[in-house]
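Encoded as structure tokens, the structure appears first; notes follow it.
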Amino acid sequence: MEKFVEVISEVYQGQFGNFTITKNDRLSVIVYRTALAIAALCFSLGTLLVLWQPHNPDVLNGLTWLYIAFSVSLGVALWTIHIYLELLHRVLQFFWMIGTIASVAIAIYFPEPLAIAIYNHPLALIGIGSSFAALTGIFFKETFCFNRFETKFLVPLVPVLILGHLVNFLPVAIEQGFLAAWAILFMIFAIRKATQEIPSDIGDKSVFAYLKAQKQQAI
């Protein structure tokens, strides 16, 4: 009887009919949140190191490895996130791939550590910035769906910092402040995601089913 009640509790009323949440659905959310947490941790640790010891060669080399872990985690998050609009989902994944390819090219082309190459050659942000555009897309999605206060700040902060450095508009002190704020808000976001109910991140599966059926009919 207890098992029967448990199964019934997994049935939800969606906009286009009932749906169930499976173990795979829950696993995808756990993977998504874990990937975000790793990305936030890598970014925050990298920010702390670069603000604390910006001229330490060991720190600068370590930033490259932290960025690799951040990028891989961001890619995993983008492949497991639940977004109703498939086109938007694919665009964010495409941005991440462009940013990843650009970062590899920058690491190969410039002799200095990746972080120094990006800082000394702002035009490199045109390519690698695509990854951060994808991250901003996640922040926007979370703002739209859950009205999170931290992502409301992150959505404008990230592009302002990147574009400000690209065109050499922001003073160094302001850039450092924005970077620290980004790291702190990113960690707050990741921590709060860990306590959020899993079904809310899965969304209304009946909408996904409806959109898939509409796409198949259009073919």
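Residue numbering for the sequence shown follows the working numbering, starting at 4 and increasing by one per position.
Beta carbons: idealized from backbone N, C-alpha and C, even for Gly.
For the stretch 111-156, the full-length alpha helix (DSSP H) segments reaching 4 residues or more read 117-123 and 128-149 along the chain. In this structure, the CA atom of Thr-83 is about 7 Å from the CA atom of Val-34. With a beta-carbon spacing of about 7 Å, Tyr-87 and Leu-214 fall inside the 8 Å limit used to define contacts. If you ignore the 5 residues before and after Ala-212, its C-beta comes within less than 8 Å of the C-beta of Phe-19, Gly-20 and Phe-22, all in its own chain and listed in chain order. Membership of Thr-83 in the alpha helix (DSSP H) is indicated by the continuous run 60-83.
Here Ala-176 is exposed: its Cβ has fewer than 16 other Cβ atoms, across all protein chains shown, within 10 Å. In the DSSP assignment, Gly-49 falls within the unbroken alpha helix (DSSP H) covering 26-55. DSSP places Val-175 outside any beta strand (DSSP E); the residue lies instead in the alpha helix (DSSP H), whose first and last residues are 175-197.
For the set Phe-147, Lys-155, Glu-153 and Pro-114, the Cα lying nearest the Cα of Ser-203 is the one of Phe-147. A contact between stretches requires three or more CB pairs, one per stretch, nearer than 8 Å, and the stretch 121-141 meets this requirement with the stretch 95-113. Asn-171 is the residue among Gln-96, Phe-142, Asn-171 and Tyr-112 whose C-alpha sits nearest the C-alpha of Pro-125. In the three-state scheme derived from DSSP, where H, G and I count as helix and E and B as strand, Gln-96 is classed as helix.
Comparing C-alpha distances from Pro-162 to each of Arg-151, Ile-191, Leu-128 and Phe-149 shows the shortest one belongs to Leu-128.
With contacts defined by Cβ atoms closer than 9 Å, Arg-36 and Lys-144 do not form a contacting pair. Counted as a single uninterrupted DSSP element, the alpha helix (DSSP H) harbouring Asp-204 occupies residues 201-205. Leu-69 is classed as buried because its beta carbon has at least 16 other beta carbons within 10 Å across all chains shown. Per the coordinates, the alpha-carbon of Leu-52 lies some 7 Å from the alpha-carbon of Val-62.
Under the criterion of beta carbons closer than 8 Å, Ile-194 and Ile-24 do not qualify as touching, at roughly 23 Å.
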